[in-house]
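Read the sequence shown against the numbering used here and you will find it ends at 256, with the numbers running on by one and no gaps.
Worksheet: the structure to be examined is printed underneath.
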Amino acid sequence: MTKTVTVRGLVIGEGMPKICVPLVGETLVQLKEEAEFLKTIDLDVVEWRVDFFDQVEDFEQVKKALAEIRTILPTTPLIFTFRSHKEGGNKEITTSFYFELNKTVAETGLVDIIDVELFNDENEVKTIIEKAHAKNIFVIVSNHDFHKTPTKEEIISRLRKAQEFGGDIPKIAVMPNSTADVLTLLDATNTMNEQFADSPFITMSMAGKGVISRLAGEVFGSAVTFGAAKKASAPGQVNVKELRSVLNLLHESL
């Protein structure tokens, strides 16, 4: 049985996939308005995509914004993510800054989960994981391919590598160029779930073709799905209300 991750009473890796919605405001004012709006949405987790924040290169402003978000959403599980430009993010920064930012946020203890990208220096990734765990923060170790869908074997290999690094929730998102690519992602998800996973993990096929993967996680093994409240942070994200409706329908059928 795959072990679960419990964040603020939310059990990830059990039952329906949990719905995560991004915060993508560019300013503190926008972030506060967005956070207030998310309080009215039927979601499970909020992800602050800090690569959209126009003051991301000022650590003090990041910490200030984080404190404001936490004040507005005091009981909601919160993921902190700087998505790098090479993996589909909104901003280009140096690798050294990327690591410093994540370490700084881990030290605050204000987030519940930090997303760290797999394809970085292994020792640096492990250092962030150690710093996060010291503050009882979980870590998603992620990989995003916005150009193609790797082979089934490669998808599983990357998820297992994230697990081996000590990540609590491995994640991979890939771009389908055909319907067969979506089937490859789902097949890899199913095999990972049945044979290799010792923690909850997240998979998705992006864009329109891949929407089925965002809906069928409970069937194949993906523990979290990403929905949009206002602005999507990745191609293929479904409106939260519709997403919840479909997840409920599938759950009741199983």
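C-beta atoms are modelled at their ideal positions from N, C-alpha and C, and glycine is treated no differently.
These numbers were taken from a predicted model, which means no experiment stands behind them.
{"query": "Spatial distance of glycine 168 from glycine 210 (CA atoms)", "result": "32 Å"}
{"query": "Assigned secondary structure, arginine 10 (DSSP; H/G/I helix, E/B strand, else coil)", "result": "coil"}
{"query": "Residue closest to isoleucine 81, alpha-carbon to alpha-carbon, out of Glu94, Thr96, Leu112, Phe101", "result": "Leu112"}
{"query": "4-residue-minimum alpha helix (DSSP H) runs that sit fully inside the region 47–135, ordered along the chain", "result": "61–74, 97–110"}
{"query": "Element boundaries [alpha helix (DSSP H), containing phenylalanine 39]", "result": "30–40"}
{"query": "Other residues of its chain near threonine 29: CB distance less than 7 Å, five sequence neighbours each side excluded", "result": "Asp56"}
{"query": "Given glutamate 102 as reference, the closest of Asp60, Lys137, Pro76 once Cα atoms are compared", "result": "Asp60"}
{"query": "According to DSSP, residues forming a beta bridge with lysine 173", "result": "Ser144, Ile204"}
{"query": "Strand pairing of isoleucine 43, partner residues [DSSP]", "result": "According to DSSP, which records beta bridges pairwise, isoleucine 43 is partnered with nothing at all."}
{"query": "Own chain residues within Cβ distance below 8 Å of valine 17, not counting five before or after", "result": "Reading the sequence as shown, one finds glycine at residue 17 and not valine. Around glycine 17: Glu220, His253."}
{"query": "Own chain residues within Cβ distance below 7 Å of histidine 146, not counting five before or after", "result": "Glu89, Gly90, Ala175"}
{"query": "Minimum C-alpha distance to isoleucine 131 - residue among Thr77, Phe54, Gln165", "result": "Gln165"}
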